[in-house]
Amino acid sequence: MDAPATVSTAVNTPTRFVEVKGRRLAYRDIGKGVPLILCLRFRGILDSWDPAFLDALAVHHRVITFDYSGLGLSTGQPSYVRTKMAQDAVDLADALGLERFVIGGWSLGGIASQVVTRLHPQRILANVLIGTTPPGKVRLGAKPVFYERALKPVNDLDDEIVLFFHPDSQKSRDAALASHRRIAARTTDVSPAIPIATVMKLLAETQGDDIFVDDNGYLDFLKTTRIPSLVISGDKEIVFPVENWFDVTPQTQAVHLMVFPQMGHGPQHEAPQVCADLITSFIRNL
């Protein structure tokens, strides 16, 4: 009798590569169904996603994660310029033969996701935005503690608790430890951390910009587009305060806002199954 096939999960799926425009993009691909491409956060790599979240999404979707150019396992010139991050996602979709897909992103990746949607609306089925900001000037900025922790050369579990969870909640702290252990479960073919020197260089190149400067009609597009967007945020968000979405959402046609209580910048890591169920239901009912 043949041995049963190994189920591909976020922990065991191999890293794959595509050669496109003179660089090599590293990506991972699990599940079947409507394709969902996820863009990474600041300092994020392939192994910054919680496997439980990706696996829960992969029950109903083809989930594709990747490293931006020149970061992690990808080659090329690294950049945190939003149009270049967005181009990485589009080039990957082209290389995989995906004409239409759901685009999503966490934090900085949510900005890249919105840029993809603005520049290629005919290809986007929906937009999934986690812990990110709307375009243009916002009422509230990141809290100082974010910069204190996010720019440390190496982040430990305590930094993760502060950056992505809600340190005043024991439940959230316990969830942080559980998520940290799930991420650490992958021990082979791991994407390398981004050196702090590279991080600072990328920040210097974008210094002077607003976080998401509205230089291409991004806000007007968000207000008028019929492409559905699901925004997921914690009410204790320290990077991109959810109150900024309160100011914008009533002016939009297709933005759905979900706020999780007593959660921070990474609700999909604190409540991976709930977030995946929400995203799955959202996409299923487009």
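Using the numbering used here, the first residue of the sequence shown is number 4, and each one after it goes up by one. Cβ coordinates follow ideal geometry from the N, Cα and C atoms, glycine included. Keep in mind that this is a model prediction, so the values were computed, not measured.
Residue i burial status per 10 Å Cβ neighbour count (16 or more: buried)
| i | result |
| --- | --- |
| I164 | buried |
| D161 | exposed |
| F263 | buried |
| T136 | buried |
Inter-residue Cα distance where the pair is residue i and residue j
| i | j | result |
| --- | --- | --- |
| S182 | D58 | 13 Å |
| H259 | H64 | 20 Å |
| F20 | Y30 | 6 Å |
| I230 | F69 | 23 Å |
| S11 | E22 | 23 Å |
| L39 | A129 | 9 Å |
| E208 | F215 | 14 Å |
| I197 | A13 | 20 Å |
| S284 | Q265 | 23 Å |
| V277 | V84 | 32 Å |
| Q90 | L122 | 10 Å |
Neighbourhood of residue i by C-beta, 6 Å cutoff - its chain only, sequence neighbours within 5 removed
| i | result |
| --- | --- |
| G79 | R26, S72 and G73 |
Residue(s) in a DSSP beta bridge with residue i
| i | result |
| --- | --- |
| D32 | I67 |
| V262 | S236 |
| I127 | F104 |
Span of the alpha helix (DSSP H) around residue i
| i | result |
| --- | --- |
| H183 | Q173 to A187 |
| S116 | L111 to L122 |
| L101 | It is not in any alpha helix (DSSP H) - L101 carries neither H nor E in the DSSP assignment. |
| A13 | Premise fails: A13 is in no alpha helix (DSSP H) and is neither H nor E. |
| P147 | P147 to A153 |
| I286 | P275 to R287 |
Host beta strand (DSSP E) of residue i (start-end)
| i | result |
| --- | --- |
| P244 | No beta strand (DSSP E) holds P244; DSSP gives it neither H nor E. |
Residues near residue i in its chain [Cβ-Cβ closer than 8 Å; skip 5 each side]
| i | result |
| --- | --- |
| T18 | A29, Y30, R31, L49, L76, D192 and S194 |
| Q173 | none |
Close Cβ partners of residue i (< 7 Å) along its chain, the five nearest in sequence each way excluded
| i | result |
| --- | --- |
| K35 | R65 |
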